[in-house]
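For reference, the structure is listed below as structure tokens.
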Amino acid sequence: MSQPTDSAPSVPSGVRSYQVRTFGCQMNVHDSERLAGLLEDAGYVRAGEGETADIVVFNTCAVRENADNKLYGNLGHLAPTKASRPGMQIAVGGCLAQKDRDLIVRRAPWVDVVFGTHNLGSLPALLDRARHNAEAQVEIVESLQTFPSTLPTRRESPYAAWVSISVGCNNTCTFCIVPSLRGRERDRRPGEILAEVEAMVAEGAIEVTLLGQNVNTYGVEFGDRGAFAKLLRACGEIDHLERVRFTSPHPAAFTDDVIEAMAATSNVMPQLHMPLQSGSDAILRAMRRSYRAERFLGILDRVRGAMPEAAISTDLIVGFPGETEQDFAATLDVVAASRFTQAFTFQYSPRPGTPAAALPDQVPKAVVQERYERLVALQEEISWAENRRQEGRVLEVLVAAGEGRKDEATARLSGRAHDNRLVHFALPADLAEADRPRPGDVATVAVTYGAPHHLVADGALRGEVFTVRRTRAGDAWAERQGRAVAAPRRPRTGRVALPLA
Ligand code: SF4
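Reminder that position 407 of the sequence shown reads as 407 in my numbering, one-by-one numbering, no gaps.
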């Protein structure tokens, strides 16, 4: 579950406070920014650290294992708080709400509002209606009415922004619940996307991540198969936008024009997170993923040919139904050949509502576990070797808030390199407080140690490479901190939800 990244001041009396608790992927994290924006537009303010909010919103995920147990566990915890706090409301949205609908209020009758993935914008009205009618409101719609990016948004980070380019997915991967919960792909028009990117940059962001379930099919809906490459190149024309990333690409639809655009556009970062899922063609077929291992490896070759320093990461599923030892060995082979910087490895378990859940030949848990351990061990070895190769390199790190859990103990700061590697770096011992890099600033440091999951750059302690570039994003971060200390955030008005074009 992701938590809010910046602190909020205490809530003035008489004003209703909210908290959004997010489970799941970046899509949900970004949707939660919209939920927060909607609530602030409606006059709610974010609850301070450690305060109990008047409105608690769960933005749920149906992809992860035991998602429903986790949700009902959390709701159960909150029931006594709600009982002792008149006027408190609880809302449940996101993929699990879309899937389970009124089952949620049957299992947890103290929930006030249930809303789905297609009607985020209804949340404030549903809260009002539940309060007025003194009964739970369940509203789930079957297709998108308003493109969510046109809703008010309360961005978590002033220096890095998510921008949706599409929602939904036209694929039918048999393990995935997304298509049935998020619907078919809807693409935003390029002009609208670029206007949002420019607006984010004008507010201080220097990094933007373009977001879609399958960014490589972007444009198919409006008849332009080259639209994603054009979008990347257009981002390259935006002044002060230093870093452009995107997620997720799909190997079946990945075309060379995108590789050319990545290589030719200096602010598109040398990084690719492309899900492989399995290295066995038979399993890819059973997963209904239409590329094969050879095609996947061919894309990696061409990406590295155009961008030799590109860091490539992936997602893998172990133990899909019917996976034999031979299939698993094929995955190990492709992983060894791919030299991923990082892999997010999942043990397959059936998700209710997905075609794969009904397949015969489910692989026994102990076999899945044993294969998983072998795969993780191989990938750890590769990640570590790849990170050791970074030692001695001089990198630009975009300083982040909340990336380094141990920073306080180690007296380091943390951030991301161009290729998205996590870097923990030391500051010169004699650095004045006023010269400390702020989140959003860019530090130049040399890597002194490559660990399996991060890089360390401690040279500044010995007087080696260390410079700081103060950026507009750092200014935006400092300004937001100042505002947070000076006054509670005020509700904003004036942004209107537009219908889909
Ligand atoms: Fe799910 Fe496959 Fe679409 Fe990804 S591409 S969202 S895994 S159906």
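Glycine residues also receive a C-beta, built at the ideal position from the N, C-alpha and C atoms.
Here the C-alpha atom of V15 lies approximately 10 angstroms from the C-alpha atom of A47. For T471, the distance from the CB to the nearest heavy atom of the ligand SF4 is not below 8 angstroms.
In this structure, the CA atom of S248 is about 43 angstroms from the CA atom of P86. Taking the C-beta atoms as reference points, T209 is found no nearer than 9 angstroms to A261. Taking all protein chains in view, the Cβ of Q326 is surrounded by fewer than 16 other Cβ atoms within 10 Å, so the residue is classified as exposed. Separation of R288 and N171 (C-alpha to C-alpha, rounded to the nearest whole angstrom) is 8 angstroms. Proximity of the beta carbon of N214 to the ligand SF4 is indicated: a heavy atom of the ligand is located closer than 8 angstroms. I206: not part of any alpha helix (DSSP H); DSSP gives it neither H nor E.
Close CB contacts of S143 within its chain, under the 7 angstroms cut and outside five residues either way in sequence, are with H118 and G183 (chain order). Relative to the Cα of A42, the nearest Cα in the group L127, D281 and A366 belongs to L127. The segment 16-34 makes contact with the segment 45-62; the number of CB pairs closer than 8 angstroms reaches 3 or more. No heavy atom of the ligand SF4 is found nearer than 8 angstroms to the CB of N28.
In the same chain as T444, and ignoring 5 residues on each side of it, the C-beta atoms closer than 6 angstroms to its own belong to E396 and T467, in chain order. Each residue's CA atom was taken as its position, placing H77 and F328 some 41 angstroms apart.
Of the candidates M88, G121, L75 and L123, L75 places its Cα closest to the Cα of R106. G37 places its beta carbon less than 9 angstroms from that of T153.
N28 counts as buried, since no fewer than 16 other beta carbons sit within 10 angstroms of its beta carbon. When C-beta atoms of the segment 306-316 are compared with those of the segment 330-350, three or more pairs fall below 8 angstroms, so the two segments count as touching. Between G450 and W384, the CB-CB gap stays under 9 angstroms.
Of the residues V111, I177, L71 and E49, the one whose Cα lies closest to the Cα of S349 is I177.
For secondary structure counted as the alpha helix (DSSP H) over 4 or more consecutive residues, the segment 88-133 holds these complete runs in sequence order: 95-100, 103-107 and 123-133. Taken through DSSP and simplified to helix, strand or coil, E370 comes out as helix.
In the three-state reduction of the DSSP assignment, L359 falls in the coil class, being assigned neither a helical nor a strand state. Here the distance from the Cβ of V318 to the nearest heavy atom of the ligand SF4 is not below 8 angstroms. The Cβ atoms of V442 and V394 do not sit closer than 9 angstroms to each other. Closest option to R436, judged by alpha-carbon separation, among T471, V163, H418 and A446: T471. Our two residues, R304 and L461, have alpha carbons roughly 34 angstroms apart in a direct line.
The continuous alpha helix (DSSP H) containing Q26 extends over residues Q26 to D41. Contact check for A136 against P109 passes: the beta carbons are separated by less than 9 angstroms. Taking a 10 Å sphere around the C-beta of P275, we find 16 or more other C-beta atoms and assign the residue as buried. When the alpha-carbon of K99 is set against those of V138, E51 and D256, the nearest one is in V138. Annotation for A330: G279 and S280 place their beta carbon closer than 6 angstroms to its own, counting only its chain and skipping 5 residues before and after. Boundaries for D441: no alpha helix (DSSP H) harbours it, and the DSSP string shows neither H nor E there. In the DSSP assignment, E396 forms a beta bridge with T444. By the neighbour-count criterion, in which a residue is buried when 16 or more other Cβ atoms sit within 10 angstroms of its Cβ, T324 is exposed. The Cβ atoms of I140 and M88 lie no closer than 9 angstroms to each other.
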